[in-house]
DNA sequence: AAAAAAG
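Numbering (our numbering), first residue to last: 18 to 754.
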């Protein structure tokens with residue numbers, strides 16, 4: 018009955034069908050699930066005891082993992098602290114810090130010259146043989162690590178930690194070293210923090226509750242979440258870093274650029290991180306209680322305020338390190354300030370091989386963007402790197418090119434083997450992003466005879482497994498399927514010596530962190546880690562503490578929202594006008610990306626636009642992968658001008674020429690705002706972002722924009738307003754009419 | 001709320 022009403026209500030049956038043609042897809046998926054369970058009688062009923070053997074089987078593995086997961090969870094809470102020490106220590110070869118710098122599989126840089134020569138024609142041929150051989154060699158595989166993990170939980174670490182902290186060792190890792198470390202520094206640090214901490218902290222507290230009422234002013238800053246930014250915004254509109262006491266230490270840095278500065282501090286901290294990181298985290302509201310265990314001891318902690326700094330705060334770094342970091346930073350800032358300076362060094366000068374440089378040129382990157390100029394060299398040196406570059410600034414090439422070069426150097430002189438285990442891994446939060454990264458990295462890799470493969474869910478694994486069997490050098494994918502294949506024994510990560518986490522801060526969020534941690538533990542001990550994101554913040558401390566060693570931290574100075582090419586506006590509307598206004602905004606010439614908060618709403622909006630005669634497609638997790646890929650491709654190719662998506666498209670996705678981003682629903686986090694709006698205005702182009710909000714959301718919106726350090730006018734809008742015409746770029750027509 | 005695994 019109700020159905021009959023709907024069609025009548027202006028939802029033409031026609032639209033319904035086509036649209037549903039799609040939906041069925043996902044519904045089918047669900048059906049499959051049901052079907053499976055249905056085939057097994059009593060699946061639903063808890064009393065499934067004797068029944069399906071299958072289930073039982075599944076159960077077993079799960080339990081096993083549960084134990085590990087638990088370990089992972091603990092670690093994520095800070096218990097792992099010692100991961101660095103205990104966890105790795107015993108079994109793993111682990112990287113000795115001494116070596117580290119050199120660490121990259123450097124030994125064979127020289128050989129690099131050879132590569133070009135090698136043609137990998139053979140490859141295909143061998144494939145047939147391989148199957149047989151497959152994984153025999155690897156049996157050893159990653160399991161070695163695991164055992165350790167188990168240990169950790171029990172780990173006597175705490176003791177260790179204590180020691181470390183006391184020692185104040187800057188180095189994350191090993192206690193042995195630390196002891197020596199100067200105690201002098203430490204004290205100093207502690208002093209610093211306290212000061213700073215109090216300022217920040219309050220903020221955090223606020224956030225959670227997020228009550229804006231009480232503290233009108235502060236809200237803005239406290240902004241919850243992240244660290245520095247929020248704080249800055251309020252106090253320093255301009256972003257002067259008055260707040261941060263800590264920074265005082267580093268006179269060197271020019272604060273002008275400072276805005277981003279947060280990273281500056283960090284580098285230094287990095288050294289210390291292990292110890293400190295844990296303290297801070299707790300601070301974060303978001304996270305699980307984690308870590309209170311340690312804290313008691315931590316001086317900082319009690320002050321509590323410091324939280325944020327985690328790695329950053331870590332105050333102490335040896336003078337040497339500090340200087341080094343600062344130096345690096347200065348260089349970076351200088352480059353950023355003067356584009357010409359950056360371009361002085363070409364990709365070749367940065368250490369990339371001839372073939373790679375050529376491909377980059379083909380990809381449109383003839384000379385390095387600032388973030389690329391900054392990270393290529395350190396990555397080639399084998400350092401762990403944290404990098405923040407705003408959306409559309411070229412981060413993929415920034416890690417992709419040097420990653421290929423490193424893999425190449427490491428493998429120079431080695432014979433390619435069938436079923437060879439991959440040597441590099443790139444993790445992304447969404448399948449579309451993984452695909453996109455591959456489209457950039459693959460050509461670079463192929464130019465030097467290396468192979469990449471995508472490993473993500475939503476598609477049959479057969480092909481992926483087949484590729485792995487033939488042997489690939491670089492795996493690019495999403496956490497779920499990768500972990501799945503690892504568990505199945507079809508993906509061996511033990512030879513992975515370089516790991517990239519794109520959208521790293523996002524990968525450290527609730528549902529992602531643990532899988533990511535487990536995956537990283539399967540990679541080679543001491544593997545190099547590269548964390549990239551436009552909104553890299555201390556949220557990644559969970560990974561930094563356990564997996565990175567004295568990471569180099571980069572960001573491009575002067576790269577702030579004001580210097581961007583995106584125009585932001587906020588339209589305050591009446592809820593009942595929303596649909597009409599949206600149609601009006603989307604009915605335009607250029608490509609428009611619309612963000613909705615839920616899958617259902619995204620689907621509904623796409624339908625509405627279609628009904629209004631504006632061809633639009635949706636992109637969200639309720640669509641099957643084929644549909645997702647197809648719809649995104651339709652937008653990319655220009656066959657449709659409107660794409661309505663959930664936040665699945667918020668990060669990383671690059672579609673040329675999107676000149677308008679409409680947020681049908683305002684995001685809750687400033688980071689989400691930055692990523693969504695970053696879908697336009699890429700690589701220096703201009704773009705416009707319009708966010709629709711109901712009147713009562715005004716205040717929240719103001720605060721969020723402050724956190725994002727974005728200035729945007731708030732304007733009331735109603736259907737038919739010229740304002741809408743202008744935003745849609747139809748103003749002339751309108752005027753005429 | 002969304003995303004990420006299901007031969």
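Ideal placement from N, C-alpha and C gives every residue a C-beta, glycine not left out. None of these values were measured; they are calculated from a predicted model.
Nearest CA to the CA of residue i: which residue from the options?
i, options, result
"residue 625", "726, 660, 643, 656", "660"
"residue 381", "639, 369, 414, 405", "414"
"residue 442", "508, 515, 455, 478", "515"
"residue 477", "386, 641, 426", "641"
"residue 608", "705, 587, 438", "705"
"residue 437", "700, 527, 482", "482"
"residue 746", "384, 428, 605, 729", "605"
"residue 703", "488, 408, 428", "408"
"residue 613", "630, 400, 638, 628", "638"
"residue 467", "557, 559, 533, 420", "420"
"residue 547", "738, 366, 392, 386", "392"
"residue 463", "479, 738, 394, 490", "490"
"residue 470", "484, 701, 501", "484"
"residue 479", "457, 458, 502", "502"
According to DSSP, simplified to helix, strand and coil, what is residue i?
i, result
"residue 704", "strand"
"residue 600", "helix"
"residue 514", "coil"
"residue 491", "strand"
"residue 747", "coil"
"residue 56", "Interpretation of residue 56 is limited by its pLDDT of 36, a score under 50 that renders its predicted location unreliable; no figure is taken from the coordinates."
"residue 759", "The chain is shown from 18 up to 754; residue 759 falls before or after that span and cannot be answered."
"residue 447", "coil"
"residue 675", "strand"
"residue 660", "strand"
"residue 405", "strand"
"residue 472", "strand"
"residue 7", "With the chain represented from 18 up to 754, any question about residue 7 goes unanswered, as that position is not in the structure."
"residue 275", "In this prediction, residue 275 scores a pLDDT of 30, lower than 50, which makes its location untrustworthy; the coordinate-derived value is nonetheless stated afterwards. Reduced to three states, the DSSP call for residue 275 is helix."
"residue 711", "strand"
"residue 431", "coil"
"residue 680", "strand"
"residue 453", "helix"
"residue 367", "coil"
"residue 413", "helix"
"residue 217", "At residue 217, the pLDDT of 36 sits below 50, so the modelled position is not reliable; the number obtained from the coordinates is stated separately. Looking at residue 217 - three-state DSSP - the assignment turns out to be helix."
With a cut-off of 8 Å on the beta carbons, I'd call residue i and residue j a contact; round off their distance for me.
i, j, result
"residue 589", "residue 732", "7 Å"
"residue 678", "residue 740", "In fact, because the Cβ distance is near 17 Å, the residues do not count as touching under 8 Å."
"residue 587", "residue 708", "5 Å"
"residue 440", "residue 465", "Contact flag wrong, Cβ pair sits at about 13 Å."
"residue 388", "residue 573", "5 Å"
"residue 434", "residue 506", "Rounded, the Cβ-Cβ distance is 18 Å, inconsistent with contact."
"residue 734", "residue 598", "6 Å"
"residue 376", "residue 461", "5 Å"
"residue 718", "residue 687", "With a Cβ gap of about 10 Å, residue 718 and residue 687 do not count as contacting."
Taking residue i as part of the alpha helix (DSSP H), name the residues at either end of that continuous run.
i, result
"residue 501", "496 to 505"
"residue 738", "No alpha helix (DSSP H) holds residue 738; DSSP gives it neither H nor E."
"residue 615", "Element bounds for residue 615: n/a, residue is neither H nor E."
"residue 539", "527 to 539"
"residue 523", "521 to 524"
"residue 444", "No alpha helix (DSSP H) holds residue 444; the beta strand (DSSP E) holding it covers 441 to 444."
"residue 592", "Looking at the DSSP string, residue 592 is not in any alpha helix (DSSP H), and its letter there is neither H nor E."
"residue 558", "558 to 564"
"residue 388", "387 to 397"
Taking 7 Å as the cut-off, is the CB of residue i close to at least one heavy atom of the ligand NAP?
i, result
"residue 679", "The ligand NAP is absent from the structure shown, which contains no ligands of any kind."
Tell me which residue opens and which closes the beta strand (DSSP E) that residue i is part of.
i, result
"residue 572", "569 to 572"
"residue 550", "545 to 550"
"residue 643", "Where residue 643 is concerned, there is no enclosing beta strand (DSSP E), although the alpha helix (DSSP H) it sits in stretches over 642 to 654."
"residue 635", "633 to 636"
Given 8 Å, three or more beta-carbon pairs between the region 522 to 542 and the region 550 to 559: The count of Cβ pairs closer than 8 Å, one atom from the region 522 to 542 and one from the region 550 to 559, reaches three, so the stretches are in contact.
Stretch-stretch touch, CB-based, cutoff 8 Å, three pairs: the region 480 to 500 with the region 448 to 458: In short, these stretches touch, since the Cβ pair count reaches three.
The region 563 to 575 contacting the region 403 to 422, beta-carbon criterion three pairs below 8 Å: Because the criterion of three Cβ pairs below 8 Å is met, the region 563 to 575 and the region 403 to 422 touch.
Cβ pair count under 8 Å reaching 3, the region 367 to 383 against the region 655 to 675: Fewer than three Cβ pairs drawn from the region 367 to 383 and the region 655 to 675 lie within less than 8 Å of each other, which leaves the two stretches out of contact.
Contact the region 499 to 519 vs the region 534 to 545: 3+ CB pairs below 8 Å: A contact between stretches requires three or more CB pairs, one per stretch, nearer than 8 Å, and the region 499 to 519 meets this requirement with the region 534 to 545.
Three-pair Cβ contact test at 8 Å for the region 666 to 677 versus the region 695 to 702: The region 666 to 677 vs the region 695 to 702: in contact.
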